[in-house]
Amino acid sequence: MTLLHVLAIGIAVLAVVAIRRGHDVRFVLFTAGLVLVSIMQKPWMVFDTFQVYLGKDSIIGPICTAMGYAFVLKATECDAHMVRLLVRPLRKVRSILVPGGVAIGFMTNMAITSQTASAAAVGPILLPLLLAAGIRPAISVAVVLIGCSIGGNLFNPGEPDIVAINAATGVDVPTIISSAVVPNLLSLAAATVVLWIMSIKGATQDVSVTEDGPVDLVRALLPPLPVILLLVLQPGLNLVPAVFDVYPKGLPISLVMLVCTGLVLILLRENIDTITKAFFAGMGHAFTHVISLIIAAGCFIAGLEATGLIEAAAAVFVEQAALAGVVSPLLTWILAWVSGSGTAPSVSFSKAFLPSLSGVDLGRAVDLGIFGAIGASIGRTMSPVAAVVLFTADLGKVSVKDVIRTVSLPLLIALAVTIAYSLFSAS
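Its first residue numbered 44, the sequence shown is counted upward by one per residue in my numbering.
Rendered as structure tokens:
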């Protein structure tokens, strides 16, 4: 390690400290990148990188249209109908409320990639049911929080973490999602089982709870439709050959989101202006809160690359597969816990290390990207400054401190399981 590498690490640490003190993540990352390239006497590199990311259709299109569709689902209350449909069986089997509630949050986050939006859809329906079953408030909030934030979004083709892995490795999105199934579900299962055990202690007597409104089955089935279409209509299955004559690499994510939005218009016959405004409001939200993070992270990575630190670290990862398997989830977990954002650490990790690793072991590169995304999801879910943590704590009238104390053990076990799986997969 050279003196320049040490300096780059020092600036990165200062950036983490600045984020922890509450400074805007985007400003900190961009500034750190600018300082690093300026040290290398190439300040223009950060501005070139900024411009390049502004024009990346492989990133901007999928993420913005996926968020646009999520806003359409909220505007038409499709998200609420889906949650009601999923919750109904739990009313009859109270003993599985905790794992069932986590599963509902997880599935909702698959369709609605914003963790806070997922919690807003699930919380008002699920929390009263959990509390009525005698489950302590902190545990009830933890059910919603873990379910909506631990990684359901990683099964959505428009999720920034998945799009970043796709952009860094060139591997198609359905294959990436398939590779995420086992480690992501193991992490989910570990956290759920621990939380379930914790919920048994201190449970109180059941009280009555009122039923929710009726379920519109069509509205309830629209949220997961893009995920289903993209997984079913992948080139490997070749179920509709005519589609692959036009799109040999599979349907573009943006196209699927637009088609599904059109189906909402046709099937629900809602106000066209309302749905159109909701869709583009969602796209704008994605650009403001997600794309901007990706651009800033790209500028920071450009600075680290200019100093040679990324190349040196990637070389170590290539030689030490086990070390890479530990570092990928652990590093993103720490950064997500500090910043409250799961997107920035996960995307930054993928963009920094996966291109180099892909040339040596493409499958392992995808795995490391997934482990990094899972680690970031876990870190965000136990961060006291994460928006979803603050929202769910307020929704359940529980202090943030109590929420973090409750979710820490389940999530640390989930992180340990992820690291163990990464070591197992490397052997």
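Where a beta carbon is used, it is the ideal one built from N, C-alpha and C, also for glycine.
Burial state of residue i, where buried means 16 or more other Cβ atoms lie within 10 Å
i: Lys292; result: exposed
i: Thr331; result: exposed
i: Gln84; result: exposed
i: Arg262; result: buried
i: Pro257; result: exposed
i: Leu397; result: buried
i: Tyr290; result: exposed
i: Asn314; result: exposed
i: His66; result: exposed
i: Val250; result: Legend: pLDDT at Val250 = 46, less than 50; position of this residue unreliable, value from coordinates given subsequently. The residue in question, Val250, is exposed, as its Cβ has fewer than 16 Cβ neighbours within 10 Å.
i: Glu362; result: exposed
i: Asp288; result: exposed
i: Phe90; result: exposed
i: Ser230; result: buried
Residue i (DSSP reduced to helix, strand or coil)
i: Gly418; result: helix
i: Arg448; result: helix
i: Gln158; result: helix
i: Ala459; result: helix
i: Val300; result: Here the sequence assigns Met to residue 300, which means Val is not the residue at that position. Three-state DSSP puts Met300 in a helix.
i: Glu202; result: coil
i: Asn196; result: helix
i: Glu313; result: coil
i: Leu378; result: helix
i: Arg64; result: coil
i: Tyr464; result: helix
i: Val250; result: Here Val250 scores only 46 on pLDDT, less than 50, and its place in the model is too uncertain to base an answer on.
i: Ile338; result: helix
i: Ala45; result: The residue you asked about is not Ala; residue 45 is Thr in the sequence shown. Residue state, collapsed to three classes: coil.
i: Thr119; result: coil
i: Tyr96; result: helix
i: Gly279; result: coil
i: Val428; result: coil
Rounded Cβ spacing between residue i and residue j (contact assumed at less than 8 Å)
i: Leu174; j: Ser183; result: 5 Å
i: Leu169; j: Val130; result: 6 Å
i: Ser221; j: Cys191; result: That belief does not hold up - the Cβ atoms of Ser221 and Cys191 are roughly 23 Å apart, past 8 Å.
i: Leu400; j: Ala349; result: Not confirmed; about 20 Å, so no contact.
7 Å Cβ shell around residue i - same chain, five flanking residues per side excluded
i: Leu458; result: Pro372, Trp376, Gly418 and Ile421
i: Pro226; result: Ile413, Phe414, Ile417, Thr461 and Tyr464
i: Gly341; result: Thr92, Tyr96 and Lys394
i: Ser391; result: Ala340, Phe343 and Ile344
i: Met425; result: Trp380, Ile447, Val450, Ser451 and Leu454
Spatial distance of residue i from residue j (CA atoms)
i: Ala365; j: Ala469; result: 6 Å
i: Glu120; j: Val187; result: 19 Å
i: Pro453; j: Ser81; result: 43 Å
i: Thr253; j: Leu172; result: Any reading at Thr253 is ruled out, since the residue's pLDDT is 49, under 50, leaving its predicted position unreliable.
i: Pro132; j: Lys440; result: 26 Å
i: Ala232; j: Arg134; result: 22 Å
i: Ala113; j: Gly325; result: 7 Å
i: Val299; j: Phe322; result: 14 Å
i: Thr159; j: Pro388; result: 18 Å
i: Thr156; j: Ile337; result: 16 Å
i: Lys99; j: Ile106; result: 11 Å
i: Gly383; j: Arg64; result: 12 Å
i: Val56; j: Ala223; result: 30 Å
i: Leu347; j: Ala51; result: 7 Å
i: Thr45; j: Leu374; result: 21 Å
Residue i Cβ short of 8 Å to the ligand SAH heavy atom set
i: Arg448; result: As for the ligand SAH, it is missing from this structure, which has no ligand bound.
Contact with chain B by residue i, beta-carbon distance below 9 Å
i: Lys394; result: In the displayed structure, chain B is absent; only one protein chain is listed.
Neighbourhood of residue i by C-beta distance below 8 Å, restricted to the same chain and skipping five residues each side
i: Phe70; result: Ala339
i: Val126; result: Ile147, Thr151, Ala164, Val165, Ile168 and Leu169
i: Val283; result: Leu276
i: Asn209; result: Ser101, Asp215, Val216 and Ile219
i: Leu273; result: Pro200, Val216, Pro217, Gly293, Leu294, Ile296 and Val299
i: Ile318; result: Val115, Ala118, Thr119, Thr304, Val307 and Leu308
Cβ shell of residue i (< 6 Å), same chain only, five flanking positions each side left out
i: Ala58; result: Val71 and Ala75
i: Lys244; result: none
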